[in-house]
Ligand SMILES: Cc1cc2nc3c(=O)[nH]c(=O)nc-3n(C[C@H](O)[C@H](O)[C@H](O)COP(=O)(O)OP(=O)(O)OC[C@H]3O[C@@H](n4cnc5c(N)ncnc54)[C@H](O)[C@@H]3O)c2cc1C
């Protein structure tokens, strides 16, 4: 089968490697001139990444053992193993996987539009358009997915966060990610300081509105000076986003499969790519087979609908209750929130206090 993948991000390349390995003819089209640039990501992976058994050495920057949570009046340190990777090297690792499996990556090739079964791609080096007619199309072209839009199934209610981060110098606990919560810090989400080492960190915020305002305020208050600034859109999961239409499948950020509570999309996207390749190879139903990953995305989205309405007292209260269930948090990764939520509720029924937000506050838009 002739398969065209739009987008040579890690998810498109990983799907491409699996399909090319199985003998399909895979062409990957990427509008940038290089894989992995510009960087628009903090590069934090949970230890669920271990399930893929990829060698880490070519892209690992740092290993984390603790996540600090700071709310306006509370502090909590949770032991969690995470990885911090270099996105340029990470993306190139997956590009090499795809190429070594036989896929071709066309750089500086931008998907422009669809004309029936034909896709029009612009080669920006030769400054010419060409028409391709693949049997199957995989849209792995990020949160704004021009391909999903061209196929007419990008859900109109989808929203994107905007993340802004800086590389800064300073003195950091080298194996601790710090997170800061509060309506004045980063409404609905958190600001982060993720160390590359004891002297360099990736510092950022992500919000639906006014990201630059919260970013600059955070930078000022922490006396950080940016060595480099990176920014980009991050999709908020939408439960009614269809994942397949005609001969086109969505995967990764194009499908909105990002944990809504943390905006981590790499591990779920790779899990999704594996399921997609298996479905194409064995004629299975993609949406059905994605059940486990989809349920996790759904729960993150529901929780985010609650957090989105939190005031500063709620964040403090959440930390106070969480102290009683800290071991639960330390046993599971946030990629699978179900055991965390169930065990936390059983051990600390006061979490039920937050169910009042299930129905939303007057005038506040919720996910429910
Ligand atoms: C500031 C920030 C911080 C983040 N931090 C984390 C984190 O710490 N951990 C984590 O797990 N996730 C994080 N994310 C999210 C993560 O970056 C994404 O989930 C991940 O990149 C998704 O990979 P992907 O391959 O689906 O899409 P992408 O990496 O976006 O790749 C899509 C590719 O498609 C290409 N493309 C787009 N349009 C076209 C077109 N018309 N024609 C051809 N090619 C096209 C793009 O150039 C791009 O290379 C962060 C995001 C941001 C913005």
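In my numbering, the protein residues as written are 705 to 1072.
C-beta atoms are modelled at their ideal positions from N, C-alpha and C, and glycine is treated no differently.
Tell me the DSSP bridge mates of residue 750? Locating residue 750 in the chain shown gives position 46, where the first residue counts as 1. Checking the DSSP bridge columns, you'll see residue 750 partnered with 786.
Ranges of the alpha helix (DSSP H) found wholly within the stretch 889–942, counting only runs of at least 4: Fully enclosed alpha helix (DSSP H) runs of 4 or longer: 915–925.
Specify whether the stretch 840–848 and the stretch 761–769 touch according to this definition: at least 3 beta carbon pairs, one from each stretch, less than 8 angstroms apart. Three or more Cβ pairs closer than 8 angstroms define a contact, and the stretch 840–848 falls short of that threshold against the stretch 761–769.
In the DSSP assignment, the alpha helix (DSSP H) including residue 718 goes from what residue to what residue? Against the chain shown, residue 718 aligns to sequence position 14. First-last of the alpha helix (DSSP H) with residue 718: 714–725.
Residues that DSSP places opposite residue 865 in a beta bridge: Taking the chain shown and counting its residues from 1, the one referred to as residue 865 is at position 161. Residue pairing by DSSP places residue 865 opposite 938 in a beta bridge.
For residue 772, the three-state DSSP class (helix, strand or coil): Here residue 772 is taken as the residue at index 68 of the chain shown, counted from 1. In the structure shown, residue 772 sits in a strand (DSSP, three-state: E or B).
Helix, strand or coil, according to DSSP, for residue 965 in the structure here? Locating residue 965 in the chain shown gives position 261, counting from the first residue. Residue state, collapsed to three classes: coil.
Looking at C-beta atoms only, is the number of pairs between the stretch 991–1006 and the stretch 953–971 that lie closer than 8 angstroms three or more? Yes: the two stretches touch, three or more of their Cβ pairs being nearer than 8 angstroms.
By the 10 Å Cβ neighbour count, where 16 or more other Cβ atoms means buried, how is residue 888 classified, buried or exposed? Sequence index remark: in the chain shown, residue 888 carries index 184 (1-based). Exposed is the call here.
Inter-stretch contact at 8 angstroms, needing at least 3 Cβ pairs: the stretch 792–805 / the stretch 933–941: Too few Cβ pairs lie closer than 8 angstroms, so no.
Which residues in the same chain have their Cβ closer than 8 angstroms to the Cβ of residue 1066, if we skip the five residues on either side of it in sequence? Position 362 of the chain shown, counted from the first residue, corresponds to residue 1066. In this prediction, residue 1066 scores a pLDDT of 42, lower than 50, which makes its location untrustworthy; the coordinate-derived value is nonetheless stated afterwards. For residue 1066, where only same-chain residues beyond five positions count, there are no Cβ hits under 8 angstroms.
In whole angstroms, what separates the C-alpha of residue 972 from that of residue 978? Along the chain shown, one-based indexing puts residue 972 at 268. Along the chain shown, one-based indexing puts residue 978 at 274. If you draw a straight line from the Cα of residue 972 to the Cα of residue 978, it is about 10 angstroms long.
Can we count residue 918 as close to ligand 1, meaning its CB is less than 7 angstroms from some heavy atom? By one-based count along the chain shown, residue 918 stands at place 214. Taking 7 angstroms as the cut-off, one finds no heavy atom of ligand 1 near enough to the beta carbon of residue 918.
Assign residue 1049 to one of three DSSP states: helix, strand, or coil. Here residue 1049 is taken as the residue at index 345 of the chain shown, counted from 1. If DSSP states are grouped into helix, strand and coil, residue 1049 belongs with the helices.
Please tell me whether, using a cut-off of 7 angstroms, the distance from the CB of residue 841 to the nearest non-hydrogen atom of ligand 2 is below it. As presented, the structure is devoid of ligand 2, carrying ligand 1 as its sole ligands.
Are there any heavy atoms of ligand 1 lying less than 7 angstroms away from the beta-carbon of residue 1039, as far as the coordinates show? Residue mapping note: residue 1039 aligns to position 335 of the chain shown, counting from 1. No, since every heavy atom of ligand 1 falls outside the 7 angstroms radius drawn around the Cβ of residue 1039.
Over what stretch of residues does the beta strand (DSSP E) that includes residue 822 continue unbroken? Mapped onto the chain shown, residue 822 falls at position 118. Residue 822: member of the beta strand (DSSP E) spanning 822–827, first to last residue.
Might you give, ordered along the chain, the residues of its own chain that have their beta carbon closer than 7 angstroms to the beta carbon of residue 1069, omitting 5 neighbours on each side? The count along the chain shown starts at 1 and reaches residue 1069 at position 365. Legend: pLDDT at residue 1069 = 45, less than 50; position of this residue unreliable, value from coordinates given subsequently. Cβ within range, chain order: n/a, list empty.
Return the CA-CA distance between residue 951 and residue 822, expressed in angstroms with no decimal places. Locating residue 951 in the chain shown gives position 247, where the first residue counts as 1. Locating residue 822 in the chain shown gives position 118, where the first residue counts as 1. Cα to Cα, residue 951 sits roughly 11 angstroms from residue 822.
Tell me the residue span of the alpha helix (DSSP H) that contains residue 1061. For this step, residue 1061 is matched to residue 357 along the chain shown. It is not in any alpha helix (DSSP H) - residue 1061 carries neither H nor E in the DSSP assignment.
Rounded straight-line distance, which links the Cα of residue 970 to that of residue 709: The residue labelled residue 709 in the question sits at position 5 within the chain shown. The residue labelled residue 970 in the question sits at position 266 within the chain shown. Each residue's CA atom was taken as its position, placing residue 709 and residue 970 some 17 angstroms apart.
Between the alpha carbons of residue 784 and residue 908, how many angstroms are there, rounded? Counting from 1 along the chain shown, the entry for residue 784 is found at position 80. Counting from 1 along the chain shown, the entry for residue 908 is found at position 204. Counting only the Cα atoms, residue 908 lies some 20 angstroms from residue 784.
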